[in-house]
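For what it's worth, our numbering labels the leading residue of the sequence shown as 1, then goes sequentially.
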Amino acid sequence: MFNREEDNRMYFGNLINGKWENDSNEKRIEIKSPVDDRSVGFIQAMSKEEVDKVIDIAVDAQIKWREMPTNQKSRILHNVADLLEERIEEIAEVLMVEIAKDKKSSMSEVKRTADFIRFTADTAENIKGESLPGDSFPGFKNDKISIVTREPLGVVLAISPFNYPVNLAASKIAPALMAGNTVVFKPATQGSISGLYLAKAFDEAGVPSGVLNTITGRGSEIGDYVVTHPKIDFVNFTGSSEVGKRISKITEMKPLLMELGGKDAAIVLEDADLDLAAKNIVSGAFSYSGQRCTAVKRVLVLESIADELVSKVKKEMEALTVGNPLKEQCTIVPLIDKKSADFVEGLIDEAKEKGGTLLLGGNRTGNLIYPTLFDNITTDMRLAWEEPFGPVLPIIRIKDVEEGIKIANESEYGLQSSVFTKDINKAFYVANKLQVGTVQVNNKTERGPDHFPFLGVKSSGMGTQGIRYSIESMSRPKVTVINLEM
Ligand code: NAP
Ligand code: G3H
C-alpha cells in the first residue's frame, strides 16, 4: 500500500520491486509542515540492510530494462507525464503542505515535470549513434569503421533536495531510465512525501517492478552508506555544496553528477534598463523566499546608477506578498526549518553589525523571514559570499565593471550570473569573463528551458544536466570497430 491511515496518522511506504512496502521497519520519521507544524505523515527510516535489498533489486531489474526497446520505454514515460498532469492539484497540495511552496509555483513544478518527462522520452528516441571512418585519421586506410552506440551505466542513485522535490527528482529519474539504467531514488527527508507521489506515478504508469525503487531516511544516517555502496554505478546528486563535496570525497572512482549551491550575481551596468533590472532582480531573488539554487543572491551595481536602482528594487520588494501559502498566494513563505531561518538571521545580524544599510525587512516571525534588502554590503561581510537560501538581497556598489567581474569571480560558487546592459558588446565582454555555468543577459538567473545545458563550476557542481546532456551523462559510448579485409 502506498500509504495507510492509522490513529489519524498517515504512514507512507517505499516502492520496492513494484510494491509499496511500509511495514518492514518500525523506525519512522514524522514529516511536519514548515507552515504550521501539522503532521504531513510518517516515512520510513530505512536500515542499511533494507537499502542493500533495494539496491540488489535494482541490479537484477536492469538486465531486462536495458533490453526494452526505447520506444516502449518512451511510451511508459509519456504515461507518467499524463498521470502527473491528471494529479496536478493533488501533488501541488502535497508540495504546499510539505515544503511550504505557494500554489502557483507548486502547480507549475508539477506541470514542468510532466513536460520534462515527455521531452526526455522524445529526445532519447531520437538519439542516434554515429559511425566513424578510420581513414579520416592520418596513416589509416578505409579498412576500419567505428560504430559508436550508447550503453547504460547500471544502477543510478538519484538524490534530490527539498526545494524541488518533484522536478529535481524527475530530472534525474527520467533521463536515467531512458538511458537504460534502473534507479534508486532517495528524496530529501523534508520533501520525501512529495517525492513518493512522483514515484507512485512512475509505478502506476507501467514502469516494470524493480526499475524505480525508493529509499527514505536521513542523509546523515544512510547517506554515506548508500553513496559508497559498491553496486551503485552512478550518483546523481542535487543539494548543498557541503554535502556534495563530502560525497565526492568518499566515493572515490564512482562517476558523479552534481548540482550544488550558488551565489548568483546580477551585474548592473550604467546603460541598463533599470526598471527591467529591478523587476528581474526582485523576482529572481525572492520567489519561494529565495530557496532556489539559481536565486539572485547579490547585486553588483555601478555606483553612478546605484541610488536609482536601489530605490526601484525597494519599490518592487514592497509589493511582495508575504504569508501562509496554505491560505493565500504569496511569494514569501516560511523557510523550510528553524535551522535555515536561524542561519539567514545570522547573516542579517552580521551585516547590520558591520555597517550594511538595512533598507527593508530584517525581521522574523517564527521561520518566516520578511523580505530583506541591504545596501552598502562590503566584501568583509558574510552576506557578500555565503548562500542564504532565504529572502535577503545584498547590494554591493562597484566603481567599474572590472571590479564587478572580480567580485563575481572571487566567489567559491559558479552557477549563474546576470548582466543587465543595452550594449551587446558589453554583455559579451562580461559574459566571457564570468566563471559560471550560464550567463543571463537582461534576465534573472534561472534554470530552463530544461533542454538547455545546466551546470555549475567551482563549488556549484560537476557535470552537465539538461535533457540530452543528462541522458548522455548517465550513459557511456560503446565502440565496436569493424575491421574489413581490403
Ligand atoms: P542538502 O542538505 O545538501 O540535502 C540534499 C540531499 O542530500 C537530501 O536528500 C539529503 O537528505 C541528502 N544528504 C544529506 N547528507 C547526505 C550524505 N551524507 N550523503 C548523501 N546524501 C545526503 O541540501 P538541501 O537543503 O536539500 O537543498 C538546498 C541546497 O541545494 C542549496 O545549497 C541549493 O543551492 C542546492 N541546490 C542546488 C541546485 C542546482 O541545480 N545547482 C538545485 C537545487 C538545490 P536529507 O534530507 O535526509 O538530509
Ligand atoms: O533550485 C534550483 C533549481 O534548479 C532552480 O530552478 O531556476 O527554474 O527555479 P529554477
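In this text, a Cβ means the ideal position worked out from N, Cα and C, and glycines have one as well. Given the structure is predicted, the values throughout are model-derived calculations rather than measurements.
Report the residue from the options whose alpha carbon sits nearest the alpha carbon of residue i.
i, options, result
"L368", "A341, F389, E386", "A341"
"C330", "G18, V35, E6", "V35"
"N181", "A188, P208, S194, I267", "P208"
"D203", "N79, D122, S105", "N79"
"Y288", "P230, G323, N432, F137", "G323"
"N442", "G206, M1, L276, K32", "L276"
"I215", "C293, K64, S47", "S47"
"A199", "L77, F454, D400", "L77"
"N71", "R118, F286, K406, K254", "R118"
"A518", "I250, I281, F185", "This structure leaves residue 518 out entirely; the chain is present only between 1 and 486."
"G219", "V243, N483, M253, G206", "V243"
"V333", "V54, E50, I99", "I99"
"N409", "G448, G355, K263, E252", "K263"
"A306", "K73, G404, E86", "G404"
Taking Cβ to Cβ, would you say residue i is nearer than 8 Å to residue j?
i, j, result
"Q416", "L257", "no"
"I247", "V310", "no"
"Q487", "V457", "The chain is shown only over 1 to 486; residue 487 falls outside these bounds and no answer can be derived."
"I31", "S192", "yes"
"I16", "N163", "no"
"L269", "L302", "yes"
"V296", "T438", "no"
"L95", "S194", "yes"
"F2", "W20", "yes"
"G210", "Q44", "no"
"L300", "I398", "yes"
"V51", "V226", "yes"
"T294", "R447", "yes"
Leaving aside the five residues before and after residue i along the sequence, list all residues of the same chain whose C-beta is less than 6 Å from its C-beta, in chain order.
i, result
"G491", "The requested residue 491 does not occur in the structure, where the chain is confined to residues 1 to 486."
"A179", "P152, I471, M474, S475"
"F140", "G134"
"S33", "V40, V97"
"K172", "A158, N236"
"R4", "Y11"
"L383", "L347, A351, I377, P394"
"G13", "W20, E21, N22"
Beta-carbon within less than 8 Å of residue i's beta-carbon, same chain only, minus the 5 sequence neighbours each way: which residues are those?
i, result
"T357", "F374, D375, N376"
"K426", "L269, D271, V401, V419"
"P255", "L153, D233, F234, V235"
"M486", "K141, N142, D143"
"Q190", "I31, P34, E98, I99, F162, I336, D337"
Shorter than 8 Å from the beta carbon of residue i to some beta carbon of chain C?
i, result
"I193", "Absent here is chain C; the protein component of the structure consists of one chain."
List the residues that DSSP assigns as beta-bridge partners of residue i.
i, result
"A158", "F185, N236"
"G206", "The partner list for G206 (beta bridge, DSSP) is empty, contrary to what the question assumes."
"V441", "V419"
"G414", "V457"
"D264", "V296"
"G18", "Its beta-bridge partners do not exist; DSSP assigns none."
"F374", "L358, P394"
"E5", "M10"
"F42", "Y11, E30"
Should residue i go down as buried or exposed, given a rule of 16 or more other Cβ atoms within 10 Å for buried?
i, result
"I147", "exposed"
"Y197", "buried"
"P175", "buried"
"R298", "buried"
"P187", "buried"
"S304", "exposed"
"T372", "buried"
"F137", "exposed"
"F116", "buried"
"G366", "exposed"
"D102", "buried"
"T120", "buried"
"G362", "buried"
"E238", "According to the sequence provided, residue 238 is Thr. The question's Glu does not apply to it. Looking at its Cβ environment, which holds 16 or more other Cβ atoms inside 10 Å, T238 is buried."
Go through its chain and collect everything with a Cβ distance to residue i's Cβ below 7 Å, but skip five positions before and after it.
i, result
"P133", "N142, I145"
"A278", "L309, K312, V313, E316"
"E130", "V148"
"A271", "With the sequence shown as reference, residue 271 is identified as Asp, and Ala is not the correct amino acid for it. T421, K422, D423."
"V59", "V155, K231"
"V110", "L84, I88, I91, A92, V166"
"I113", "According to the sequence as given, residue 113 is Thr; it is not Ile. L84, V166, N167, A170, listed in sequence order."
"Y469", "P453"
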